[in-house]
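**Q** In case it helps, the working numbering puts the sequence shown at residues 129 to 606. We put the beta carbon where it would ideally sit given N, CA and C, even for glycine. This structure is in structure tokens; I'll ask about it shortly.
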Amino acid sequence: MTKSRIFLYFCLAFVGGIFASSFIFMPQLFLLGFLIIGVFLISIFWRYKKLATGGFCLLFLVLGIWRYQMAESKIVYPQEGNVEFVGIVVKEPDVRPASIKLVIKSGENGSRPILVTAGRYPKYNYGDRLKIIGRLEMPPVFDDFNYRDYLKKDGITAVMSFPKIEFMSSGFGNPIMEIILSFKNKFRDTAGSFISPPQEGFLEALVFGQESNISREWKDKLNITGTRHIAAVSGMNITIISSIISSFAPFYISIVLLFLYILMIGAQASAVRAFIMAVIFILAKKLGRMSSGSRAVFFAATFMLVQNPFLLTKDVGFQLSFLAILGLIYLEPYFSNWLRLLPNPKVFPLRTTLSATLSAQVFTLPILAYNFGRISLLSPVVNILIVPFLAPITILIFIFAIFGIILQPLGFLLSWPVWLSLTYITKIVDWFSKMPLVSMAVGNLHWLWLIVFYFILFGFIWWYNKRVWQVQLKKPGW
Numbered sequence: 129m130t131k132s133r134i135f136l137y138f139c140l141a142f143v144g145g146i147f148a149s150s151f152i153f154m155p156q157l158f159l160l161g162f163l164i165i166g167v168f169l170i171s172i173f174w175r176y177k178k179l180a181t182g183g184f185c186l187l188f189l190v191l192g193i194w195r196y197q198m199a200e201s202k203i204v205y206p207q208e209g210n211v212e213f214v215g216i217v218v219k220e221p222d223v224r225p226a227s228i229k230l231v232i233k234s235g236e237n238g239s240r241p242i243l244v245t246a247g248r249y250p251k252y253n254y255g256d257r258l259k260i261i262g263r264l265e266m267p268p269v270f271d272d273f274n275y276r277d278y279l280k281k282d283g284i285t286a287v288m289s290f291p292k293i294e295f296m297s298s299g300f301g302n303p304i305m306e307i308i309l310s311f312k313n314k315f316r317d318t319a320g321s322f323i324s325p326p327q328e329g330f331l332e333a334l335v336f337g338q339e340s341n342i343s344r345e346w347k348d349k350l351n352i353t354g355t356r357h358i359a360a361v362s363g364m365n366i367t368i369i370s371s372i373i374s375s376f377a378p379f380y381i382s383i384v385l386l387f388l389y390i391l392m393i394g395a396q397a398s399a400v401r402a403f404i405m406a407v408i409f410i411l412a413k414k415l416g417r418m419s420s421g422s423r424a425v426f427f428a429a430t431f432m433l434v435q436n437p438f439l440l441t442k443d444v445g446f447q448l449s450f451l452a453i454l455g456l457i458y459l460e461p462y463f464s465n466w467l468r469l470l471p472n473p474k475v476f477p478l479r480t481t482l483s484a485t486l487s488a489q490v491f492t493l494p495i496l497a498y499n500f501g502r503i504s505l506l507s508p509v510v511n512i513l514i515v516p517f518l519a520p521i522t523i524l525i526f527i528f529a530i531f532g533i534i535l536q537p538l539g540f541l542l543s544w545p546v547w548l549s550l551t552y553i554t555k556i557v558d559w560f561s562k563m564p565l566v567s568m569a570v571g572n573l574h575w576l577w578l579i580v581f582y583f584i585l586f587g588f589i590w591w592y593n594k595r596v597w598q599v600q601l602k603k604p605g606w
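Laid out in structure tokens, this is it:
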């Protein structure tokens, strides 16, 4: 056993502890028992590497359980009632058609952020200092969605609905973030002045991951066709885009392009996490050590979970980015081999794009079904028709918006290919959503089904690798 493999086992044990503790409360006596067994195995069987490693794994399992329980114990929900406080908008406002959601941080509520839902106007911006008077409440838990747990991963334990808000001053945010968001707003305004709905909504979703301008009808169509992920700057999309960029651009240029893309979309926490994993994937691809890349991805995921253990079961974006990267590492070589008859030019690497799309789809399908309660039977077909064009369309949108900001007539000319590209996406989604038996409702899946699926999937990968290795050994020269 190599040192990196042993460390991988420690990481898996730590993550397993977080996962188990997310569903079952572990009493202190239970943890003490595991600790005693672990210390016993390490101290008595030190010379037996496997037994000693098993003992350390038990210690890391307990550490994962303890980390989750410590984070859970720090979540304190406020006493509900009317309050008055002064706070600062610490995240980019989430603008909806009839409302706006503001994440406010103040000295109240233990310095934890508060999610405030306000009217659409007047507009408030990142870094604004506001005086707020209203009723503080715990986040609700709905029958089909635990909104409280969803907000918990972001440290939000209190909400306010339509309080009285008084603007006091601005400029209290991070200066770099203010510049990024200022450019983003100009970007959005320029695009909106040339592109009409529903294409405008898809443009904002593709570039900024914001669904506010996509109607409920179109959101249903995306769900039915299994393409809802394109309406968010998800880890899956960033992963696929990184795979496509790295297929034709040198390593450093790939990293710079991805970094600029993350800045353009506002450097959201989920996008930054996906960027870190994508960089590890591109580096492993450059070095030709994909097996080491998979371990590096596990190490990075473990480090993120040390900081925020709620990401594992509460953040779908984290799950999608992690699984999409694993899909590229473990399955893309197989799909690329099966699709070897397809052309793969530098300008539009069709084989690379399709293999990356299919690999990410296979690894993320169970998570999408678990969270949205639906399996799109034609999802692979629809995604093959759409996802390969996401990277060039996104690049085209950026070129259009930048030139549109500088010179309006040029922005008008470039808006036509952008509109045609977005129309292609909307037509594909619309056409497939009307087909019979395009999707199947699966209801509320139990998380055990996810374990079964991934157990079978990794079993298949192990069997296939073993079979390929045996074939290689039989070739002359081995």
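Residues in the same chain with beta-carbon distance under 7 Å from tryptophan 547, minus the five sequence neighbours each way, listed in chain order, please.
**A** By one-based count along the sequence shown, residue 547 stands at place 419. Taken in chain order, the residues that qualify are Ile323 and Gln327.
**Q** Alanine 406 to isoleucine 521, Cα distance in whole Å?
**A** Numbered from 1 along the sequence shown, position 278 holds the residue referred to as residue 406. Numbered from 1 along the sequence shown, position 393 holds the residue referred to as residue 521. Using only the alpha carbons, I get a separation of about 20 Å.
**Q** Any contact of the segment 287-297 with the segment 244-259, i.e. 3+ C-beta pairs under 8 Å?
**A** yes
**Q** Rounded to the nearest angstrom, what separates leucine 573 and phenylalanine 151 at their Cα positions?
**A** Walking along the sequence shown from the start, residue 573 turns up at place 445. Walking along the sequence shown from the start, residue 151 turns up at place 23. Going by the C-alpha atoms only, they are around 15 Å apart.
**Q** Hey, how far is the Cα of valine 269 from the Cα of arginine 276?
**A** To locate residue 269, count along the sequence shown from 1; it is residue 141. To locate residue 276, count along the sequence shown from 1; it is residue 148. If I take the Cα positions, the gap works out to 6 Å.
**Q** Would you mind reading off the limits of the beta strand (DSSP E) that contains isoleucine 260?
**A** Indexing the sequence shown from 1 puts residue 260 at position 132. Counting along the chain, the beta strand (DSSP E) containing isoleucine 260 begins and ends at 257-264.
**Q** Tell me the rounded alpha-carbon separation between glycine 209 and glycine 329.
**A** Along the sequence shown, one-based indexing puts residue 209 at 81. Along the sequence shown, one-based indexing puts residue 329 at 201. The alpha-carbon atoms of glycine 209 and glycine 329 are separated by roughly 37 Å.
**Q** Please list, in chain order, all residues of the same chain as glycine 320 whose beta carbon is under 7 Å from its beta carbon, the five residues on each side excluded.
**A** The count along the sequence shown starts at 1 and reaches residue 320 at position 192. Around glycine 320: Glu328.
**Q** Please confirm whether phenylalanine 300 and isoleucine 381 have their CB atoms less than 7 Å apart.
**A** Along the sequence shown, read from residue 1 onward, the residue named residue 300 stands at position 172. Along the sequence shown, read from residue 1 onward, the residue named residue 381 stands at position 253. No. Outside cutoff.
**Q** Checking 7 Å against the spacing of the C-beta atoms, do glycine 182 and isoleucine 146 come in under that value?
**A** Against the sequence shown, residue 182 aligns to sequence position 54. Against the sequence shown, residue 146 aligns to sequence position 18. No, the Cβ-Cβ distance between glycine 182 and isoleucine 146 is not below 7 Å.
**Q** For phenylalanine 153, tell me which candidate among Gln197, Ile553 and Val190 has the shortest Cα-Cα distance.
**A** For the purposes of this step, residue 153 is taken as residue 25 along the sequence shown, with counting starting at 1. Here the closest residue by C-alpha is Gln197.
**Q** Inspect the CB distances between the segment 455-471 and the segment 309-316 and report whether three or more fall short of 8 Å.
**A** no
**Q** Using a threshold of 7 Å, state whether the C-beta atoms of serine 504 and glutamate 460 are closer than that.
**A** Counting from one through the sequence shown, the residue named residue 504 turns up at place 376. Counting from one through the sequence shown, the residue named residue 460 turns up at place 332. Not closer than 7 Å, so no.
**Q** For the beta strand (DSSP E) containing threonine 245, list its first residue and its last residue.
**A** On the sequence shown, residue 245 is found 117 positions in, with the first residue counted as 1. That run of the beta strand (DSSP E) goes 242-247.
**Q** Which two residues bound the contiguous beta strand (DSSP E) that contains alanine 452?
**A** Reading the sequence shown from its first residue, position 324 is the one you call residue 452. Counting along the chain, alanine 452 falls outside any beta strand (DSSP E), though it belongs to the alpha helix (DSSP H) covering 444-458.
**Q** Under 8 Å, with one C-beta from each stretch per pair, do the segment 219-233 and the segment 163-175 reach the 3-pair mark?
**A** no
**Q** Considering only residues of the same chain and omitting the five flanking positions on each side of leucine 585, which have a CB-CB separation below 6 Å?
**A** Counting from 1 along the sequence shown, the entry for residue 585 is found at position 457. Cβ within range, chain order: n/a, list empty.
**Q** Going by DSSP, which residues form a beta bridge with lysine 229?
**A** The sequence position of residue 229 within the sequence shown is 101, counting from 1. BP columns for lysine 229 point to Asp222 and Thr245.
**Q** Beta strand (DSSP E) containing valine 287: first to last residue?
**A** The residue you call residue 287 lines up with position 159 of the sequence shown. 286-289 is the span of the beta strand (DSSP E), which, as asked, contains valine 287.
**Q** Over what stretch of residues does the alpha helix (DSSP H) that includes methionine 305 continue unbroken?
**A** The residue you call residue 305 lines up with position 177 of the sequence shown. Per DSSP, methionine 305 belongs to the alpha helix (DSSP H) from 303-322.
**Q** Relative to the alpha-carbon of serine 343, which residue among Met563, Ile261, Ala226 and Ile512 has its alpha-carbon at the smallest distance?
**A** Taking the sequence shown and counting its residues from 1, one reaches residue 343 at position 215. Selected option, being the one with the closest Cα: Ala226.
**Q** Can you tell me whether serine 298 is helix, strand or coil according to DSSP?
**A** The residue given as residue 298 occupies position 170 in the sequence shown. In the three-state reduction of the DSSP assignment, serine 298 falls in the coil class, being assigned neither a helical nor a strand state.
**Q** Excluding sequence positions up to five away, which residues of its chain have a Cβ less than 7 Å from the Cβ of proline 437?
**A** Here residue 437 refers to the residue found at position 309 of the sequence shown. Closer than 7 Å at Cβ, skipping near neighbours: Ile146, Arg195, Tyr196 and Ala199.
**Q** For alanine 529, which residues of its own chain have a beta-carbon under 6 Å away from its beta-carbon, when the five flanking residues on both sides are left out?
**A** Mapped onto the sequence shown, residue 529 falls at position 401. Counting only Cβ-Cβ distances below 6 Å, and skipping sequence neighbours, we find Phe315, Thr318 and Ala319.
**Q** Given a threshold of 16 other Cβ atoms within 10 Å of its Cβ, counted over all protein chains shown, does methionine 563 qualify as buried or as exposed?
**A** Counting from 1 along the sequence shown, the entry for residue 563 is found at position 435. So methionine 563 ends up on the exposed side.
**Q** Between glycine 354 and serine 567, which are expected to be in contact by the criterion C-beta below 8 Å, what is the C-beta distance as a whole number of angstroms?
**A** As a working mapping, residue 354 is identified with position 226 in the sequence shown. As a working mapping, residue 567 is identified with position 439 in the sequence shown. Separation of the CB atoms of glycine 354 and serine 567 is rounded to 7 Å, and the pair is thereby assigned contact status at 8 Å.
**Q** Taking the alpha carbon of arginine 356 as the point to measure from, which residue in Pro545, Leu493 and Ala148 has its own alpha carbon closest?
**A** Stepping through the sequence shown from its first residue, residue 356 is reached at position 228. Distances from the CA of arginine 356 to each of Pro545, Leu493 and Ala148 were compared; the closest alpha carbon is that of Leu493.
**Q** Using the Cα positions of valine 444 and proline 267, report the straight-line distance between them to the nearest angstrom.
**A** In the sequence shown, residue 444 corresponds to position 316, counting from 1. In the sequence shown, residue 267 corresponds to position 139, counting from 1. In a straight line, the C-alpha of valine 444 is about 19 Å away from that of proline 267.
**Q** With which residues is phenylalanine 168 paired in a DSSP beta bridge?
**A** Locating residue 168 in the sequence shown gives position 40, where the first residue counts as 1. According to DSSP, phenylalanine 168 bridges with nothing at all.
**Q** Roughly how many whole angstroms lie between the Cα atoms of leucine 386 and serine 370?
**A** Along the sequence shown, read from residue 1 onward, the residue named residue 386 stands at position 258. Along the sequence shown, read from residue 1 onward, the residue named residue 370 stands at position 242. In a straight line, the C-alpha of leucine 386 is about 7 Å away from that of serine 370.
**Q** Contact check, leucine 264 vs proline 303 under 8 Å by CB: the rounded distance?
**A** By one-based count along the sequence shown, residue 264 stands at place 136. By one-based count along the sequence shown, residue 303 stands at place 175. Contact doesn't hold; Cβ gap of about 30 Å is too wide.
**Q** So within the segment 502-557, which uninterrupted alpha helix (DSSP H) runs reach at least 4 residues, ignoring any that extend past its ends?
**A** 507-514 and 518-534
**Q** Secondary structure at serine 483, three-state DSSP: helix, strand or coil?
**A** The residue given as residue 483 occupies position 355 in the sequence shown. Serine 483: helix per DSSP, three-state reduction.
**Q** Taking DSSP's pairing of strands, which residues face glutamate 200 in a bridge?
**A** Against the sequence shown, residue 200 aligns to sequence position 72. Paired residue(s): none; glutamate 200 is not in a bridge.
**Q** Give me the Cα-Cα distance between alanine 611 and isoleucine 165, rounded to the nearest whole angstrom.
**A** Missing from the structure shown is residue 611; the chain here goes from 129 to 606 and no further.
**Q** For tyrosine 458, which residues in the same chain have their Cβ closer than 6 Å to its Cβ, ignoring the five residues on either side in sequence?
**A** One-based indexing of the sequence shown puts residue 458 at position 330. Same-chain partners within the cutoff: Ile589.
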